[in-house]
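The structure under discussion appears below in the form of structure tokens.
There are 2 protein chains.
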Amino acid sequence: MSDSAKTSIGIDFGGTSVKLGVCCGDELLFTDEPIPTAQFHGPTALIGEMAARVAKLRAAHPAICAVGVGVPGLVDFEHGFVHELTNVPGWKHVPLKTILGEKTGLPVVVDNDANAMTYAEFRCGAARGLKDVVGLTIGTGIGGGLVLDGKMHRGIGCAAGEIGQMSIHFDGKPGHYGNFGALEKYTGNQQIAEHAVQRYAEAGIDKELADCTPRNIAAAAQAGDDIARQIWAEVADWLGTALASIAWLLNPEAFVIGGGVAQAGDLLFKPLHHKVQSMLSTVVWERLQILPARFSNEAGIIGNAALAADAV
Amino acid sequence: MSDSAKTSIGIDFGGTSVKLGVCCGDELLFTDEPIPTAQFHGPTALIGEMAARVAKLRAAHPAICAVGVGVPGLVDFEHGFVHELTNVPGWKHVPLKTILGEKTGLPVVVDNDANAMTYAEFRCGAARGLKDVVGLTIGTGIGGGLVLDGKMHRGIGCAAGEIGQMSIHFDGKPGHYGNFGALEKYTGNQQIAEHAVQRYAEAGIDKELADCTPRNIAAAAQAGDDIARQIWAEVADWLGTALASIAWLLNPEAFVIGGGVAQAGDLLFKPLHHKVQSMLSTVVWERLQILPARFSNEAGIIGNAALAADAV
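Chains as they are written, first to last, in the numbering used here: chain Z, 32 to 343; chain U, 32 to 343.
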């Protein structure tokens, strides 16, 4: 860190649980018991509980100077205003920064969860020390974030980084917005499973969708299953096409890839390296790294805490 | 302009001619006679002529405080070092900024021509007043530039903005680098012409490639030729797919599109608007503009002059 390390709270607000932790610089000092999201109906109750937790954490860590919250949805970063969280009932048009700021008396920043993940990797993780970094989490959907010239690039509507919606085929499968060829319709968890069922069927092997999770396909590939290896090569082809396009556009220093699908490790990363290299000029490729994320579950806490610390 | 307007020289270094002009703020005060590139063999002679022209222009415009040069190739912006100009013999590893700076005694900046075009539109043209702008020139190839948060984004190797190399089809036509589905293999001048010949042939109409320039296809569409209109709709589909992907990634305020293909005007821009909107969420679309470039031949002079003025 360029300045002396600040102590801040990171809150990772998910549809299932709200995770909280205290960070100082790149160190995660303490992780609190998660709040089950569904136990608190509506924003007022849940923000109340967040504020109570913040008060408790401050008692133990008096140096805390800011709070960062990452939410699974669209945010107006400047105002810390949550437009809508589709997976959390009642969260629509919530001035989260204002309310939590008033209740805690601390500076609060509110950002998108994929931005927080990217920022965690940029500040303290796999991409530490770099300044042009593209983060991706690949799971049920694909989220992304951009650090350009050492700062989050959020775009005019704070909606930048939607890598999962980028097209890899102008006439391909329709995405959530009717956008043809959306990447996440190829390399999301469910789509990988569906593709695997089909590939096995073509080889005369019957598989249930539930048996074709990315984790299972990775295990099969590890065990020497050629079809499973082929599936990872195809996933790498699709994902690599999108990464190469992003590299041509932004000429970044690194992609940092996390989320469940990235757990496949070398099964994914090896063919992905090969694919991306095959699509780029030397000058774009030679300074590009494709890195597995350092953080997993704690990425949100660390990223939000860092965003908050850097804002004060 | 935020500061009081500075007077600077913009040099647009092309494979055929080197164009020079004097700008003050967003005003093009004077355009000099172009230098025929081939008349000066090698960098030393040509840079000598540039320096002589700069001296002449300074005699007439004593307020000139900087020189900006845009080149058709890869540059190290920080050092003003030209890596290679594939279309200009002898231009390889040339420290243009250093040499021209020594010869003129003025601060010199050297950038890529597509960056200069984008900067011209951002500073003085169609995207004036915006801060997140993606520029494209569509002609023989497709060049691009990015202004993000009010500054050129050049990337770690100064190679950002290569929109023509982005893939719109993971299994599509191979581009110059073996990258499948490269946009410029669909919507470059030559590719539009080839596609048109094929579309006419499918309708039983024999056309020569030379008769299928974008200009001719635009004229035919204007005259009511349904096949020609269909061709523009297809070009808009391909281009729109790439623009939508960029919009999902960057959430910019504007695309500014210039170059010969953009001369088709509404024939291209109308279906392009429709296509891009159909691929985006409301939040990404509602603050996005798709604009024809204001400048054409003079974009390089204006953009390079502005880059130089803003650097001093």
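No residue lacks a Cβ here, since even glycine has one placed at the ideal position from N, Cα and C. None of the values given here were measured: they were computed from a predicted structure.
For this session: Can you tell me which of the three DSSP states U/Gly170 falls into?
Result: Taking the second sequence and counting its residues from 1, the one referred to as residue 170 of chain U is at position 139. Assignment of U/Gly170 by DSSP, reduced to helix, strand and coil, places it in the coil class.
Bridge-paired residues (DSSP) for U/Phe44: The residue given as residue 44 of chain U occupies position 13 in the second sequence. U/Phe44 has U/Val49 as its beta-bridge partners, per DSSP.
Item checked: Same chain, Cβ closer than 7 Å to Z/Thr47, neighbours up to 5 away in sequence not counted -> On the first sequence, residue 47 of chain Z is found 16 positions in, with the first residue counted as 1. Closer than 7 Å at Cβ, skipping near neighbours: Thr68.
Residues bridged to Z/Asp107 [DSSP beta-bridge criterion]
On the first sequence, position 76 is the one that residue 107 of chain Z refers to. Answer is Z/Phe112, bridged to Z/Asp107.
CB-CB under 8 Å to Z/Thr38, same chain, minus the five flanking residues each way: which ones, in chain order?
Mapped onto the first sequence, residue 38 of chain Z falls at position 7. Closer than 8 Å at Cβ, skipping near neighbours: Val53, Cys54, Cys55, Leu60, His92, Ala94, Ile95, Cys96 and Ala340.
Looking at the unbroken alpha helix (DSSP H) that takes in U/Lys301, where does it start and where does it end? What you label residue 301 of chain U is simply residue 270 of the second sequence in a count that begins at 1. Asp297 to Met310 is the span of the alpha helix (DSSP H), which, as asked, contains U/Lys301.
If you count every other CB in all the chains shown that lies within 10 Å of the CB of U/Lys128, and 16 or more means buried, which is it?
The residue given as residue 128 of chain U occupies position 97 in the second sequence. Flag for U/Lys128 reads buried.
Give a yes or no on whether 9 Å exceeds the smallest Cβ distance from Z/Phe71 to chain U.
-> Within the first sequence, the letter at position 40 stands for residue 71 of chain Z. Cβ-Cβ to chain U under 9 Å: no for Z/Phe71.
Chain U contact residues for Z/Asn282, given Cβ-Cβ distances below 9 Å
Counting from one through the first sequence, the residue named residue 282 of chain Z turns up at place 251. Listed by position along chain U, the residues whose Cβ is nearer than 9 Å to that of Z/Asn282 are His184, Arg185, Gly186, Ile187, Gly188, Cys189, Ala190, Ala191, Gly192 and Glu193.
If I'm right that U/Gly289 touches U/Gly101 with Cβ under 8 Å, what's the distance once you round it to whole angstroms?
Taking the first residue of the second sequence as position 1, residue 289 of chain U is located at position 258. Taking the first residue of the second sequence as position 1, residue 101 of chain U is located at position 70. Rounded, the Cβ-Cβ distance is 14 Å, inconsistent with contact.
**Prompt:** Pick from Z/Gly188, Z/Glu133 and Z/Thr149: whose alpha carbon is nearest that of U/Met318?
**Reply:** Position 287 of the second sequence holds residue 318 of chain U. Reading off the sequence shown, one finds Arg at residue 318 of chain U, where the question assumed Met. The shortest Cα separation from U/Arg318 among Z/Gly188, Z/Glu133 and Z/Thr149 belongs to Z/Gly188.
- So the beta strand (DSSP E) U/Asn143 belongs to, where does it begin and stop? Here the question's residue 143 of chain U lines up with position 112 in the second sequence. Per DSSP, U/Asn143 is one residue of the beta strand (DSSP E) stretching across Val139 to Asn143.
Got a sec: is the Cβ-Cβ distance from Z/Glu317 to anything in chain U below 9 Å?
Locating residue 317 of chain Z in the first sequence gives position 286, where the first residue counts as 1. Yes, contact with chain U.
Query raised in the report: Is Z/Trp269 close to chain U, meaning its C-beta is less than 9 Å from at least one C-beta of that chain?
Result: Working through the first sequence from its first residue, we reach residue 269 of chain Z at position 238. By this cut-off, Z/Trp269 is an interface position.
Can you give me, in chain order, the residues of the stretch 207-239 of chain U that have a beta carbon less than 8 Å from any beta carbon in chain Z? Of all residues in the stretch 207-239 of chain U, Tyr208, Gly209, Asn210, Phe211 and Gly212 have a Cβ within less than 8 Å of some Cβ in chain Z.
How about Z/Trp279: is its C-beta nearer than 9 Å to some C-beta of chain U?
Along the first sequence, one-based indexing puts residue 279 of chain Z at 248. It does: the Cβ of Z/Trp279 has a partner Cβ on chain U nearer than 9 Å.
Alpha helix (DSSP H) containing U/Thr129: first to last residue? As a first step, residue 129 of chain U must be located in the second sequence, where it is residue number 98. U/Thr129 -> alpha helix (DSSP H) spans Leu127 to Thr135.
**Report entry** Minimum length 4: unbroken alpha helix (DSSP H) runs contained in the stretch 208-270 of chain U
**Finding:** Here the runs fully enclosed are 215-218, 220-233 and 245-253.
>> Please report the distance separating the alpha-carbon of Z/Arg89 from that of Z/Ile78.
In response: The residue you call residue 89 of chain Z lines up with position 58 of the first sequence. The residue you call residue 78 of chain Z lines up with position 47 of the first sequence. Distance between the alpha carbons of Z/Arg89 and Z/Ile78 is about 16 Å.
> How long is the line joining the alpha carbons of U/Pro205 and U/His226, rounded to whole angstroms?
Replying inline: As a position in the second sequence, residue 205 of chain U is number 174, starting the count at 1. As a position in the second sequence, residue 226 of chain U is number 195, starting the count at 1. When rounded, the distance between both Cα atoms is 15 Å.
Extent of the continuous beta strand (DSSP E) to which U/Val343 belongs:
Walking along the second sequence from the start, residue 343 of chain U turns up at place 312. No beta strand (DSSP E) holds U/Val343; DSSP gives it neither H nor E.
For this session: Using a Cβ-Cβ cut-off of less than 9 Å, give me the residues of the stretch 85-109 of chain U that come near chain Z, in sequence order.
Result: Listed in chain order, the positions of the stretch 85-109 of chain U with a beta carbon within less than 9 Å of a beta carbon of chain Z are Leu105.
As assigned by DSSP and simplified to three states, the class of U/Val119: Taking the first residue of the second sequence as 1, we reach residue 119 of chain U at position 88. If DSSP states are grouped into helix, strand and coil, U/Val119 belongs with coil.
Which bits of chain Z does U/Asp163 rub up against, with CB to CB less than 7 Å?
The residue labelled residue 163 of chain U in the question sits at position 132 within the second sequence. Chain Z residues near U/Asp163: Gly186 and Ile187.
Helix, strand or coil for Z/Met183? Go by DSSP, reduced to three states.
Numbered from its first residue, the first sequence carries residue 183 of chain Z at position 152. Here Z/Met183 carries a strand assignment [DSSP, helix/strand/coil].
Rounded to whole angstroms, what's the CA-CA distance from Z/Gly181 to U/Gly235? Just pull it up for me. Taking the first sequence and counting its residues from 1, the one referred to as residue 181 of chain Z is at position 150. Taking the second sequence and counting its residues from 1, the one referred to as residue 235 of chain U is at position 204. It is roughly 56 Å from the alpha-carbon of Z/Gly181 to the alpha-carbon of U/Gly235.
Practice item. Measure from the C-beta of U/Thr171 to each C-beta in chain C and report whether the shortest distance is under 9 Å. Key: Absent from the structure: chain C. Protein chains present are Z and U.
query: Using 9 Å as the limit for Cβ to Cβ distance, is U/Val141 near chain Z?
result: As a first step, residue 141 of chain U is located in the second sequence; it is residue number 110 there, counting from the start. Judged by the 9 Å Cβ criterion, U/Val141 is not in contact with chain Z.
- [ ] Drop a sphere of 10 angstroms on the beta-carbon of U/Val369, count the other beta-carbons inside from all chains shown, and report buried for 16 or more, exposed for fewer.
- [x] Nothing can be reported for residue 369 of chain U, as the shown portion of chain U is limited to 32 through 343.
Inset, instruction - Give a yes or no on whether 9 Å exceeds the smallest Cβ distance from U/Ala264 to chain Z. - result: Numbered from its first residue, the second sequence carries residue 264 of chain U at position 233. Between U/Ala264 and chain Z, the shortest Cβ-Cβ separation is not below 9 Å.
Point to revise | Distance between Z/Leu105 and U/Ala83 (C-alpha atoms, nearest Å) | key: As a working note, residue 83 of chain U is residue 52 in the second sequence. As a working note, residue 105 of chain Z is residue 74 in the first sequence. Answer to the nearest angstrom: the Cα atoms are 55 Å apart.
Next item on the list: Using three-state DSSP, classify U/Ser39 as helix, strand or coil.
Entry: As a working note, residue 39 of chain U is residue 8 in the second sequence. Strand at U/Ser39.
- In or out: Z/Gly111 buried (at least 16 other Cβ within 10 Å) or exposed? Translated into the one-based positions of the first sequence, residue 111 of chain Z becomes position 80. Flag for Z/Gly111 reads buried.
Q | CB contact check: Z/Ser39 to chain U, cutoff 9 Å | A | Here residue 39 of chain Z is taken as the residue at index 8 of the first sequence, counted from 1. By this cut-off, Z/Ser39 is not an interface position.
_Between which two residues does the alpha helix (DSSP H) holding Z/Glu80 run?_
Position 49 of the first sequence, counted from the start, is the residue given in the question as residue 80 of chain Z. That run of the alpha helix (DSSP H) goes Gly73 to Ala91.
Query - Residues that Z/Pro323 bridges to, as DSSP identifies them - result: Here residue 323 of chain Z is taken as the residue at index 292 of the first sequence, counted from 1. DSSP output for Z/Pro323 lists Z/Ile288 as bridge partner(s).
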